[in-house]
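Protein chains in written order, with the working numbering: chain Z, 1 to 151; chain B, 152 to 302; chain S, 303 to 453; chain R, 454 to 604. Notes for the one structure printed next.
Structure representation (structure tokens):
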């Protein structure tokens, strides 16, 4: 059997961007025939999760070690055009800003050349007790390299 | 049997605000023990739907008559504190602005006196072909009355 | 302000049944205009959660105390008729069987007199390490009283 | 850029089985640290959708042409072991039975060699008015070829 069938998709990092393709399934749609608005936030998080993994940032391990976890602190999202069942979408994610205890990520959802959705997500790093905490220095370095396209 | 058991909850309009209470179920939480960030958008939409119904604005009828439907055009949401399983939340929704083809709604999610989440949602009215369309005049009037607390 | 606006709905126990009403929101529907099939499982779990709470069984407290948690072990669900946006549904839950480490619950979803969905759910009690564990004796007693209509 | 980054994953057909790999994201988990039970039904439907597409059965086109649509009529699912964040899962789908107006599909979710979930799903073909309808003859033929491993 080919390996593609047994390995989860995770997109790819190209320069200072992460590309993540997905198809719209029935679960994503609503009675209007389009993707329900909150589901785009799920799509964006899948892309961010895989982007982190490809950068060598392992959230589950950090969480289980009690070091901390990223939490979404703010989202600004503009829905320009709707996506529909079976549409092939690509999410393009870029690191916009790296702060001490958070980072800002821009994520665009495209269908071919069309921009459907444009979002800016602020993720805060939280310690075990749920308070903002400095991101691990090693992660900040990885983010820095990614931002400048040198991963 | 008491009627409460057979009638869906829909919150209440009090002056120029709509109050909508809900409890956090397991489906809403994630591995961090808190409500997953996109689920708040589902909560907010439940509150807006019931607010519209209580104002006498029937979305399903308008959609089925081919008149149009509201679509979320933009969301700005700040997650200040996390909600947890079994938490009793209240969503307070206010009409911030009424435009020709859209309206802007502010929605706060509270746990007791604590502000957990603060969101501003722009809903655009779309015609059958998916283009922005003027909201029905009767609805704009209802929104106007609600905004000034005169429902 | 009336209290209804500030208190989450939780249905009611009537004899040996729990009644839980809900309205179908946009989030629940799919492109076919009906409730997406997996969302009924979310509805059923909301009803079971509130049934347990009304019986005096507090899952979050038991989980946080490391005593254990219920996990769904098996679901058999028949979708007879679809529910649509704005439909008012009632979930009727009955305890079918109480075993040492699990219980079997029958849950029907009705729209007025129409039976839409019929499900049998087996919930297993799991200890902290994820293994089947005897349910707390006090809970078994409460289930027993409920089953025979004597809550 | 490599193409992998721009093309959605869709699994692969191998003999009489469809393989579909996925990774568990935060959206899939609940406060217990495991995948929430109804989310497995979403996973299964993604796999079935891609299996149909790879078989040359285009649901959206049939729906838009008013020919009909598949609806889940019954699910029997056993949850044997939980999946956790970041787990790599594989869904193996087989056609168990082809009837006039429905088909029965067996779907297993595996993590490596471990069987986590075992489900049997009956999908009914429904005409525009929501009544059972014979599946298109061409689709039945495709299913037949798939069942006997001759796609």
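Even for Gly, the Cβ is constructed at its ideal location relative to N, Cα and C.
In the three-state reduction of the DSSP assignment, residue 444 (chain S) falls in the helix class. Neighbours of residue 85 (chain Z) in chain S, taken as residues whose beta carbon is under 8 angstroms from its own, are 333 in chain order.
Under the three-state reduction of DSSP output, residue 383 (chain S) falls in the coil class, being neither helix nor strand.
Contact between residue 332 (chain S) and residue 29 (chain Z) holds: their C-beta atoms lie close to 5 angstroms from each other, under 8 angstroms. Take the alpha-carbon of residue 351 (chain S) and the one of residue 176 (chain B): they are about 7 angstroms apart. Closer than 8 angstroms to the CB of residue 411 (chain S) there is not a single CB belonging to chain Z. In the DSSP assignment, residue 118 (chain Z) falls outside any alpha helix (DSSP H) and within the unbroken beta strand (DSSP E) covering 114-126. Checking the DSSP bridge columns, you'll see residue 482 (chain R) partnered with R:488. The Cβ-Cβ distance between residue 241 (chain B) and residue 156 (chain B) does not fall below 8 angstroms. Listed along the chain, the chain R residues whose CB falls inside 7 angstroms of the CB of residue 187 (chain B) are 479, 480. In the DSSP assignment, residue 10 (chain Z) falls outside any alpha helix (DSSP H), carrying neither H nor E. Counting C-beta pairs closer than 8 angstroms gives three or more between the region 369-380 of chain S and the region 427-438 of chain S, which meets the contact rule.
Going by beta carbons, residue 178 (chain B) and residue 344 (chain S) fall inside the 8 angstroms limit. Apart from sequence neighbours up to five positions away, the residues of its chain that approach residue 411 (chain S) with a beta-carbon distance below 6 angstroms are 391, 393, 418, 419, ordered along the chain.
In the DSSP assignment, residue 403 (chain S) falls outside any beta strand (DSSP E) and carries neither an H nor an E. Below the 8 angstroms Cβ cutoff, chain R contributes 474, 541 as neighbours of residue 7 (chain Z), in chain order. Annotation: Cβ neighbours of residue 225 (chain B) in chain Z (cutoff 9 angstroms, chain order): 76, 77, 78, 79. For residue 21 (chain Z), there is no enclosing alpha helix (DSSP H); the enclosing beta strand (DSSP E) has its first and last residue at 17-23. Distance from the CA of residue 93 (chain Z) to the CA of residue 147 (chain Z), rounded to the nearest whole angstrom, comes to 11 angstroms. At a cut-off of 8 angstroms between beta carbons, residue 509 (chain R) makes no contact with chain S. Comparing C-alpha distances from residue 96 (chain Z) to each of Z:82, Z:123, Z:81, Z:80 shows the shortest one belongs to Z:123.
Proximity of residue 583 (chain R) to chain S, defined by a Cβ-Cβ separation below 8 angstroms, is satisfied. Nearest in C-alpha terms to residue 401 (chain S), of all of S:348, S:446, S:383, S:378, is S:446. Within the model, the alpha-carbon separation for residue 105 (chain Z) versus residue 16 (chain Z) is close to 12 angstroms.
Listed along chain B is no residue with a C-beta nearer than 8 angstroms to that of residue 136 (chain Z); the closest approach is about 17 angstroms. In chain order, 265, 267 place their CB closer than 7 angstroms to the CB of residue 232 (chain B), counting only its own chain and leaving out the 5 sequence neighbours on each side.
The C-beta of residue 138 (chain Z) has fewer than 16 other C-beta atoms within 10 Å across all chains shown, which makes the residue exposed.
Here DSSP, grouped into helix, strand and coil, assigns residue 413 (chain S) to strand.
DSSP places residue 64 (chain Z) inside the alpha helix (DSSP H), whose first and last residues are 59-64. At a beta-carbon threshold of 7 angstroms, none of the residues of chain B lie near residue 99 (chain Z); the nearest stands roughly 16 angstroms away. Note that the C-beta distance between residue 346 (chain S) and residue 442 (chain S) is not below 8 angstroms.
Taking a beta-carbon distance threshold of 8 angstroms, residue 452 (chain S) does not count as an interface residue toward chain B. The alpha carbon of residue 508 (chain R) has as its nearest neighbour, out of R:530, R:466, R:527, the alpha carbon of R:466. By alpha-carbon distance to residue 378 (chain S), the top candidate from S:409, S:451, S:386 is S:409.
Against chain B, the CB of residue 351 (chain S) has a partner CB under 8 angstroms away; the residue lies at that interface.
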